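Visitor: One structure follows; several queries about it will come next.
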Amino acid sequence: MAEVGEIIEGCRLPVLRRNQDNEDEWPLAEILSVKDISGRKLFYVHYIDFNKRLDEWVTHERLDLKKIQFPKKEAKTPTKNGLPGSRPGSPEREVPASTQASGKTLPIPVQITLRFNLPKEREAIPGGEPDQPLSSSSCLQPNHRSTKRKVEVVSPATPVPSETAPASVFPQNGSARRAVAAQPGRKRKSNCLGTDEDSQDSSDGIPSAPRMTGSLVSDRSHDDIVTRMKNIECIELGRHRLKPWYFSPYPQELTTLPVLYLCEFCLKYGRSLKCLQRHLTKCDLRHPPGNEIYRKGTISFFEIDGRKNKSYSQNLCLLAKCFLDHKTLYYDTDPFLFYVMTEYDCKGFHIVGYFSKEKESTEDYNVACILTLPPYQRRGYGKLLIEFSYELSKVEGKTGTPEKPLSDLGLLSYRSYWSQTILEILMGLKSDSGERPQITINEISEITSIKKEDVISTLQYLNLINYYKGQYILTLSEDIVDGHERAMLKRLLRIDSKCLHFTPKDWSKRGKW
């Protein structure tokens, strides 16, 4: 058994921790750093296959020294051009070969399609036809018989319907609930209104190098041992104390403090409570700087220009980086607009969350970063931020999508919002002259401002797109409908477009922001 003094950075061994059920477990962890405080050694561990926000300092009593794995010596390996290279002793987790061979990718959900066990005269077209793309002139016919479903896993190469392909939505097992057939796409109407971690399916992943003029996607190739470790112990923001999840580049002299104090209105940071109190006597802000563009009840949204309010924007990015691991941080905030959601009381407008967006996005991104602060999570504010971002896209007359990759919590929130919004559209359609109502993917995208790729990926995720007799059909099961209705009863916070006072600007015509 190894001694405590032999433990070095890069070692892997089981570490004792409590799980969500308050039970002890021993997951494998990697030692990222070792420090000595008053003669007592502490070890900063990252639990393998766990999110980095669970990383923590532990004592040697929680380490299983019997199963320690020392880091391998750096071995020179040939590279593509034949020159020698080195492989780090503790590489990032790799996707198993069996997963790659099966055509699946992680963490994207497996795409599935439905086939029906039908009599021979009603069997789906066999052979390779399901792999043929659907033409825009195809019609989808409902299945009028009560049939059993057979779930079959298929390759991600399974085609999806074209954006203008007509789609019939009908209930399963003959229990008519909603029926929708398709029409050619119609033009967008300006008064059309749509109804908390994905279009990651359509994402190409992390770019090889982040753009310095907008994109906040993190280039993980520049990760080092410093940025992999939390550097702030605790943040006091108004009446809340927040425990950061990730590294944030606050000044080095502040990282040794037990608590970092922030003004909740201007987000300026101080090293002590006395500094904060002195600052509050001089700070006349009681809300974020910028224009208030939405207010309903106690919820308000403020639009902040990253060029006009540079100090506030930089402080907001520093705070947000404590809870966002998949984004990087640039001090040039000029290309961005920040939309801060606040909750009002007698003391002022308290920040709840925010999202940022590029003033000009060539990829149709309507969100660059999005965050609900931990004290306000699981209360519906995440979906409210997402809904507000799409409400702005409707006013701008555009479709939008969040910048990829999404965090795990962001992916869950977006998947939930897209699902509820699209189902709300499908279930709200009414038939004309006794025929099934008709809609296309283009029309869903135009009504909701959700990008077409996100609409298709959500329909696949919900398993609504089925292939039958050479055609695509949309099927709403009773479980889907009932689950949606229950979810909508719990969704009490909604954006009221009548309370939005927003005029979009054409940033392309401005020489400088």
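Throughout the sequence shown, residue numbering follows our numbering, covering 92 to 604 in sequence.
For every residue, glycine included, the Cβ atom is placed at its ideal position computed from N, Cα and C.
No experiment lies behind these values; they were computed from the predicted model shown.
1) Among all the DSSP beta bridges, which residues are the ones paired with C460?
2) Where K581 and L514 are concerned, what is the direct C-alpha to C-alpha distance, given to the nearest angstrom?
3) Work out the CA separation of G101 and K171 for me, nearest whole Å.
4) With contact counted as at least three CB pairs below 8 Å, one residue from each stretch, are the region 483–497 and the region 401–408 in contact?
5) Report all residues from its chain with a CB closer than 7 Å to the CB of V458; omit the five preceding and five following residues, and keep chain order.
6) Spatial neighbours of C374 within its chain, please: C-beta separation below 7 Å, excluding the five flanking residues on both sides.
7) Out of R330, A93, Y135 and N142, which one is the CA nearest neighbour of D499?
8) Quick check: does the Cβ of K132 come within less than 7 Å of any heavy atom belonging to the ligand HEM?
9) Span of the beta strand (DSSP E) holding S391?
10) Check this for me: beta carbons of P340 and I326, under 8 Å apart or not?
11) If we ignore side chains and look at the alpha-carbon of each, how far apart do K600 and E451 end up?
12) Out of E569, S129 and L145, which has the shortest C-alpha to C-alpha gap to V136?
13) Go to H370, then tell me how far its alpha helix (DSSP H) extends in each direction, as first and last residue.
14) Does P496 pass the burial test, meaning 16 or more other C-beta atoms within 10 Å, or should it be called exposed?
15) Pair every Cβ in the region 586–598 with every Cβ in the region 530–542, then say whether three or more of these pairs are closer than 8 Å.
16) Would you tell me roughly how many angstroms separate the C-alpha atoms of V350 and D436, rounded to the nearest one?
17) Please check the pair I477 and Y456, which I expect to be a contact at CB under 8 Å, by giving their CB distance rounded to whole angstroms.
18) Going by other Cβ atoms of all chains shown within 10 Å of its Cβ, with 16 needed for buried, is P342 buried or exposed?
19) DSSP three-state label for E183, please.
20) Please state whether the Cβ-Cβ distance between G473 and S504 is less than 8 Å.
21) Cβ of I139 within 8 Å of Cβ of A120?
22) On the DSSP bridge list, what partners appear for K126?
23) Reducing DSSP to helix, strand and coil, say where A188 ends up.
24) Express the C-alpha separation of S588 and N113 in angstroms, rounding to a whole number.
25) For E383, which residues in the same chain have their Cβ closer than 6 Å to its Cβ, ignoring the five residues on either side in sequence?
26) In the DSSP output, which residue or residues are listed as bridge partners for E327?
27) By Cβ distance below 8 Å, which residues in the same chain neighbour L174 in space, the five residues on each side in sequence not counted?
28) Beta strand (DSSP E) containing V149: first to last residue?
29) Quick check: the Cα distance between I516 and E116, rounded to an integer number of angstroms?
30) Are the beta-carbon atoms of H370 and P466 separated by less than 8 Å?
31) I need the straight-line Cα distance from G501 to L462, nearest angstrom please.
32) May I ask which residues mark the beginning and end of the beta strand (DSSP E) holding T433?
33) Taking the straight line between their C-alpha atoms, what separation do you get for D570 and V149?
34) Pull the bridge partners of D115 from the DSSP assignment, please.
35) From what residue to what residue does the alpha helix (DSSP H) around K143 run?
36) I believe K542 touches G488 by the beta-carbon criterion, under 8 Å. Please report the beta-carbon distance rounded to the nearest angstrom.
Guide: Looking at the coordinates:
1) Position 369 of the sequence shown, counting from 1, holds the residue named residue 460. Beta-bridge partners of C460 (DSSP): S447.
2) For the purposes of this step, residue 581 is taken as the residue at position 490 of the sequence shown. For the purposes of this step, residue 514 is taken as the residue at position 423 of the sequence shown. Between the C-alpha atoms of K581 and L514 there is a straight-line separation of about 15 Å.
3) Taking the first residue of the sequence shown as 1, we reach residue 171 at position 80. Taking the first residue of the sequence shown as 1, we reach residue 101 at position 10. No answer about K171 holds up, because its pLDDT of 49 lies below 50 and its placement is not dependable.
4) Because the criterion of three Cβ pairs below 8 Å is not met, the region 483–497 and the region 401–408 do not touch.
5) Counting from 1 along the sequence shown, the entry for residue 458 is found at position 367. Excluding positions up to five away in sequence, the list reads F446, K448, S480, P493 and E494.
6) Counting from one through the sequence shown, the residue named residue 374 turns up at place 283. The answer, listed in chain order, is C354, F356 and C357.
7) What you label residue 499 is simply residue 408 of the sequence shown in a count that begins at 1. Proximity to D499 across R330, A93, Y135 and N142 peaks at N142, based on C-alpha coordinates.
8) In the structure shown, the ligand HEM is absent, as is every other ligand, since no ligand is present at all.
9) As a first step, residue 391 is located in the sequence shown; it is residue number 300 there, counting from the start. Per DSSP, S391 belongs to the beta strand (DSSP E) from I390 to D396.
10) Walking along the sequence shown from the start, residue 340 turns up at place 249. Walking along the sequence shown from the start, residue 326 turns up at place 235. Taking 8 Å as the Cβ cut-off, P340 and I326 do not qualify as a contacting pair.
11) Along the sequence shown, read from residue 1 onward, the residue named residue 600 stands at position 509. Along the sequence shown, read from residue 1 onward, the residue named residue 451 stands at position 360. One C-alpha to the other measures close to 11 Å.
12) For the purposes of this step, residue 136 is identified with residue 45 of the sequence shown, where counting begins at 1. The shortest CA-to-CA distance from V136 to any of E569, S129 and L145 is the one to L145.
13) The residue labelled residue 370 in the question sits at position 279 within the sequence shown. Residue range L364 to K373 is occupied by the alpha helix (DSSP H) that includes H370.
14) Locating residue 496 in the sequence shown gives position 405, where the first residue counts as 1. With at least 16 other beta carbons inside 10 angstroms of its own, P496 counts as buried.
15) In this structure the region 586–598 does not lie against the region 530–542, because fewer than three pairs of beta carbons, one per stretch, are closer than 8 Å.
16) Here residue 350 is taken as the residue at index 259 of the sequence shown, counted from 1. Here residue 436 is taken as the residue at index 345 of the sequence shown, counted from 1. Approximately 25 Å, taken between the alpha carbons.
17) For the purposes of this step, residue 477 is taken as the residue at position 386 of the sequence shown. For the purposes of this step, residue 456 is taken as the residue at position 365 of the sequence shown. In this structure, I477 and Y456 do not form a Cβ contact; the two beta carbons are roughly 13 Å apart against a cut-off of 8 Å.
18) Looking up residue 342 in the sequence shown gives position 251. Taking a 10 Å sphere around the C-beta of P342, we find fewer than 16 other C-beta atoms and assign the residue as exposed.
19) Mapped onto the sequence shown, residue 183 falls at position 92. At E183 the pLDDT is 43, less than 50, meaning the model places this residue with poor confidence; the figure from the coordinates comes in the next sentence. The answer is coil: DSSP assigns E183 none of H, G, I, E or B.
20) One-based indexing of the sequence shown puts residue 473 at position 382. One-based indexing of the sequence shown puts residue 504 at position 413. In this structure, the beta-carbon distance from G473 to S504 falls below 8 Å.
21) As a first step, residue 139 must be located in the sequence shown, where it is residue number 48. As a first step, residue 120 must be located in the sequence shown, where it is residue number 29. Going by C-beta atoms, I139 is nearer than 8 Å to A120.
22) In the sequence shown, counting from the first residue as 1, residue 126 sits at position 35. As computed with DSSP, K126 is found in a beta bridge with L133.
23) Walking along the sequence shown from the start, residue 188 turns up at place 97. With a pLDDT of 45 at A188, under the threshold of 50, the modelled position of that residue is not reliable, and the figure given next carries that caveat. Reduced to three states, the DSSP call for A188 is helix.
24) Indexing the sequence shown from 1 puts residue 113 at position 22. Indexing the sequence shown from 1 puts residue 588 at position 497. Distance between the alpha carbons of N113 and S588: 44 Å.
25) What you label residue 383 is simply residue 292 of the sequence shown in a count that begins at 1. The beta carbon of E383 lies closer than 6 Å to those of S391 and F393 in the same chain, with the five residues before and after it left out.
26) As a working mapping, residue 327 is identified with position 236 in the sequence shown. Looking at the DSSP assignment, E327 forms a beta bridge with R332 and Y352.
27) Translated into positions along the sequence shown, residue 174 becomes position 83. A caution first: L174 carries a pLDDT of 49, below 50, which makes its placement in the model unreliable, though a value can still be read off. Excluding sequence neighbours, L174 sits near nothing in its chain.
28) Numbered from its first residue, the sequence shown carries residue 149 at position 58. That run of the beta strand (DSSP E) goes E147 to T150.
29) For the purposes of this step, residue 516 is identified with residue 425 of the sequence shown, where counting begins at 1. For the purposes of this step, residue 116 is identified with residue 25 of the sequence shown, where counting begins at 1. Roughly 45 Å between the two C-alpha positions.
30) Locating residue 370 in the sequence shown gives position 279, where the first residue counts as 1. Locating residue 466 in the sequence shown gives position 375, where the first residue counts as 1. No, they are not a contact pair.
31) Within the sequence shown, numbered from 1, the residue matching residue 501 stands at position 410. Within the sequence shown, numbered from 1, the residue matching residue 462 stands at position 371. Whole-angstrom Cα-Cα distance: 8 Å.
32) For the purposes of this step, residue 433 is taken as the residue at position 342 of the sequence shown. Where T433 is concerned, the enclosing beta strand (DSSP E) stretches over F427 to D436.
33) Numbered from 1 along the sequence shown, position 479 holds the residue referred to as residue 570. Numbered from 1 along the sequence shown, position 58 holds the residue referred to as residue 149. Looking at the two C-alpha atoms, the distance is approximately 45 Å.
34) Counting from one through the sequence shown, the residue named residue 115 turns up at place 24. DSSP, once it has assigned bridges, lists R109 as partnering D115.
35) Locating residue 143 in the sequence shown gives position 52, where the first residue counts as 1. Run containing K143: none; DSSP gives neither H nor E here.
36) The count along the sequence shown starts at 1 and reaches residue 542 at position 451. The count along the sequence shown starts at 1 and reaches residue 488 at position 397. That belief does not hold up - the Cβ atoms of K542 and G488 are roughly 14 Å apart, past 8 Å.
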